[in-house]
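*Asks:* The sequence shown begins at 1310 in this note's numbering and counts up by one.
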Amino acid sequence: MIQQRLILQFRVLHTPNILSLPNRYDALIVPTNKYLVGCRLPYITKGATYPSHHPTKLYPIQSVDGSVHAEAGPHSENVKCPTGSAVVTPSFGLEKRFSVLVHTAVPIDAVRAKFPTDALKIATVLIGSGSQVYRILLEAKRRNVQLDFIVRDESQFELMSEMIAI
């Protein structure tokens, strides 16, 4: 069951799987690493050395990046995304739910990511947000974007709902 709260044009949705959302979105913001290789590489601190693929360094399918690659396939593996930037790709096998995928190598302000200027409905998890979530909300409001924050945890759902209501 998906719980939701709508406050202005921001919604907080609580669901265990972002790819099972019933709504259609212009863009899905996908937190990733600079190689856009799903969960085959760990998310490493900026400036660290990036190891090559290793079978014991997988992220669980519960990560958005891992879920996207599992369902859409590894179509974006030749694309690079420097830390702090974003890259837009087609949605490959996810066209029924998302027009494009915006891969962002966090840390980055999710709404300021390079998504198509005509995107009016965007889904994102709480990536690179932290204490800057208000900047994300203000930028979405300025652009008149419906922004759906997707959370898997009940406590995140309650906290984010309270923050947006302020």
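Built from N, CA and C at the ideal position, the CB exists for glycine as well.
Pull up the DSSP beta-bridge partners for Ile1459, would you.
*Replies:* As a first step, residue 1459 must be located in the sequence shown, where it is residue number 150. Answer by DSSP bridge pairing, in chain order: Leu1322 and Val1434.
*Asks:* Could you check the C-alpha separation between Val1397 and Val1339 for me, to the nearest Å?
*Replies:* Within the sequence shown, residue 1397 is the residue found at index 88, counting from 1. Within the sequence shown, residue 1339 is the residue found at index 30, counting from 1. The alpha-carbon atoms of Val1397 and Val1339 are separated by roughly 10 Å.
*Asks:* Determine the direct distance from the alpha carbon of Arg1461 to that of Asn1326, and round the result to whole angstroms.
*Replies:* Residue mapping note: residue 1326 aligns to position 17 of the sequence shown, counting from 1. Residue mapping note: residue 1461 aligns to position 152 of the sequence shown, counting from 1. For Asn1326 and Arg1461, the distance between alpha carbons rounds to 8 Å.
*Asks:* Just verifying my parser: in three-state terms, what is the DSSP assignment at Ser1372?
*Replies:* Locating residue 1372 in the sequence shown gives position 63, where the first residue counts as 1. In this structure, Ser1372 counts as coil in the three-state DSSP scheme.
*Asks:* Would you kindly work out how many angstroms separate the C-alpha atoms of Ala1336 and Ile1459, rounded to a whole number?
*Replies:* Sequence index remark: in the sequence shown, residue 1336 carries index 27 (1-based). Sequence index remark: in the sequence shown, residue 1459 carries index 150 (1-based). When rounded, the distance between both Cα atoms is 13 Å.
*Asks:* If the criterion is Cβ atoms closer than 8 Å, does the pair Arg1406 and Leu1330 meet it?
*Replies:* Here residue 1406 corresponds to residue number 97 of the sequence shown, with the count starting at 1. Here residue 1330 corresponds to residue number 21 of the sequence shown, with the count starting at 1. It is a contact, given that the beta carbons lie within the stated cut-off.
*Asks:* Under three-state DSSP, which class holds Val1377?
*Replies:* Within the sequence shown, the letter at position 68 stands for residue 1377. Here Val1377 sits in helix by DSSP.
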